[in-house]
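Chains as they are written, first to last, in the working numbering: chain A, 1 to 180; chain B, 1001 to 1188. Below is one structure, written out as C-alpha cells; comments come after it.
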Amino acid sequence: MILEDHELERLLAGEKAAWDRFVARAAPVIFGAVRRRLEPAGRLADAEDVAQDVFIKLCKTDYRVLKTYDPARARFSTWLTVIASTTAIDHLRRLKKPADSLDVVPEAELSVEAKEPAWLKIPPGLLSPRQALVLELLYQKDLTPAEAAEALGVDPQTVRSMHHKALTRLRAHFSEETEG
Amino acid sequence: MTDDRLEREMSEKGETAMTAEDRALWRKARDSWTGPVEVGAEEAGEEGAEMDPLLLAAYLDGRLDGEEGAAVEARLAADPAALDLMTASREALAAGPDEAVPEALLRRAEGLVRPAPLPPRKGLFAALTAAVMMPGQAAWVGFAAVLMLASVAGFELGQTGLDNVAMVASTLGREVTLGLDPLAGPLL
C-alpha cells in the first residue's frame, strides 16, 4: 500500500518525513504510468521531468490536488495512476504545436491530438453507452475483444455480445436513413 | 489488430465476425456524429469539462454502482480524450509500478517540500544566539555592528583615561611649582 490513512493526514499537515516516505512509495507508480504513455510517442527522455510535474501538481497550493483524494471512492494507486497518465497526455498535447511541420514531428507523436478531439454526439436511444464504448475500443482503439473486456472489467463474451447487438442496431439505423 | 485476426477470433467463439465493413460502418457513424449535431449525450456530461480523476479511478476499481458506471461509460463513449485517459491508466495499472525510478527524480521530488521552520525562541539569550547564528550576509552586518560599538566604547574609555591623567598631572605640577617658588603664597 502506498499510503495509509494516518500517513495521508501527516502528509497533508506538511510533515517533511511523511512527504519523503510518500515520494519513495509513489515514484514507481507515477514514473511507470508516465513512461508507459510517453515511450510509444517517442518522448521517453521527458519521463523524469513529467513525473516531477506530477509531484509538483500533488503538493502545490497546500496539497490542493492531493486533498481531493477520497479513500472511500478508489484505491490510492489507481487515483495516482490516473493523475500521472493525465499529466503525461497533457504534456504530449502541449508539445504538439499547430505551427510544427509534419516533416519535423516524429511519426509516433502524430497519434496525439494537439487539442482535445471533439465529442461524439450519439443519437439517443440508438446504442447503449456500453455498446458504443465496445465499438470505440474495438475499432478506434484497435483492442481485441479480450483486451476490451479487460478495459471494461467484463467477460469477453459480454464484449462479443455487445458488439453483435450494436452492429445490428447500426445497420438498421443507416438502412432506415438511406431508405428515408 | 487486423480485421482478419479479429474476425477469426470472433468466429472461433461463434459470434458474428468483425469485418472491414463493420469497421467502415462504425467510422461512418463516428463521422456523422462528430461536430455540431445536437442530439443525445446529455448523460455524458458537459463537453470540454475535464474528467474527474477520482470518478475515473472509482470506475477502474469497479466501485461505481449501475447508474454512476453507465454515466462514466457514456462519457467514455462520447469523449475520445477521456477514453484515451482510461485506456492509458488501465494499461499502466495492468503493467504495475516501475521500480527502476531514477535517483535524481527521487531527490528532486523530495526537495519540493522543506522541513517546517523551528518554533521561535524567546528571551535575551535566544535573541543573542539568533544574532550569532545569523546566516550569510546578515551575520556580517551583525558582526560589523558589534565591532563599531566596541570601537566607540573603547574610544570613550580612552578619552576619559587621558582626561584623568591630565588632571592628575596638572595637580602634581601645581604642587611642584608651589614647592619650588618661595615667593608664591599658600596654596590654601
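From the three backbone atoms N, C-alpha and C, an ideal C-beta is built for every residue, glycine too.
Closest Cα partner of Arg1107(B) within the set Phe55(A), Thr87(A), Leu170(A): Here residue 1107(B) refers to the residue found at position 107 of the second sequence. Nearest of Phe55(A), Thr87(A), Leu170(A) to Arg1107(B), Cα basis: Phe55(A).
Members of the stretch 62-74 of chain A that neighbour chain B once the beta carbon cut-off is set at 7 Å: Thr68, Tyr69, Asp70, Arg73, Ala74
Option nearest Leu137(A) by Cα separation, candidates Leu152(A), Pro123(A), Pro124(A): Numbered from 1 along the first sequence, position 137 holds the residue referred to as residue 137(A). Comparing Cα positions, the closest option is Leu152(A).
Continuous alpha helix (DSSP H) stretch holding Asp90(A): start and end: The residue you call residue 90(A) lines up with position 90 of the first sequence. Residues 76-95.
Coarse secondary structure for Leu1147(B), derived from DSSP in three states: The residue labelled residue 1147(B) in the question sits at position 147 within the second sequence. Leu1147(B): helix per DSSP, three-state reduction.
Close beta carbons around Pro123(A), own chain, < 8 Å, minus the five adjacent residues each side: On the first sequence, residue 123(A) is found 123 positions in, with the first residue counted as 1. Within the same chain, Pro123(A) has close Cβ partners His173.
For Met1051(B) and Gly1069(B), the rounded distance between their alpha carbons: Here residue 1069(B) corresponds to residue number 69 of the second sequence, with the count starting at 1. Here residue 1051(B) corresponds to residue number 51 of the second sequence, with the count starting at 1. Answer to the nearest angstrom: the Cα atoms are 14 Å apart.
For Leu120(A), three-class secondary structure by DSSP: As a position in the first sequence, residue 120(A) is number 120, starting the count at 1. Leu120(A): strand per DSSP, three-state reduction.
Chain A contact for Gly1040(B) (CB, 8 Å cutoff): Reading the second sequence from its first residue, position 40 is the one you call residue 1040(B). Its pLDDT being 43, under 50, Gly1040(B) is placed unreliably by the model, and nothing is read from it.
Cutoff 8 Å; reference Val65(A); Cβ partners in own chain excluding five residues on either side: Along the first sequence, one-based indexing puts residue 65(A) at 65. The residues are Lys57, Leu58, Ile83.
Contact under 8 Å by Cβ, Ala74(A) with Leu1054(B): Within the first sequence, the letter at position 74 stands for residue 74(A). Within the second sequence, the letter at position 54 stands for residue 1054(B). Their beta carbons are under 8 Å apart, which means Ala74(A) touches Leu1054(B) by this criterion.
Residue-level contact to chain B via CB, Val50(A), 8 Å cutoff: For the purposes of this step, residue 50(A) is identified with residue 50 of the first sequence, where counting begins at 1. Cβ-Cβ to chain B under 8 Å: no for Val50(A).
CA-to-CA distance, Glu15(A) to Gln157(A), given in whole angstroms: In the first sequence, counting from the first residue as 1, residue 157(A) sits at position 157. In the first sequence, counting from the first residue as 1, residue 15(A) sits at position 15. Whole-angstrom Cα-Cα distance: 49 Å.
Selection from Leu3(A), Tyr63(A), Ser77(A), Arg37(A) that minimises the alpha carbon distance to His91(A): Here the question's residue 91(A) lines up with position 91 in the first sequence. Among Leu3(A), Tyr63(A), Ser77(A), Arg37(A), the Cα nearest to that of His91(A) belongs to Arg37(A).
Contacts of Met1068(B) in chain A (Cβ-Cβ under 7 Å): Within the second sequence, the letter at position 68 stands for residue 1068(B). Here residue 1068(B) is Glu; the residue named in the question, Met, does not match the sequence. Simply none; closest approach about 10 Å.
Proximity test, Cβ basis, 8 Å: Ser1151(B) and chain A: Locating residue 1151(B) in the second sequence gives position 151, counting from the first residue. So, not an interface residue.
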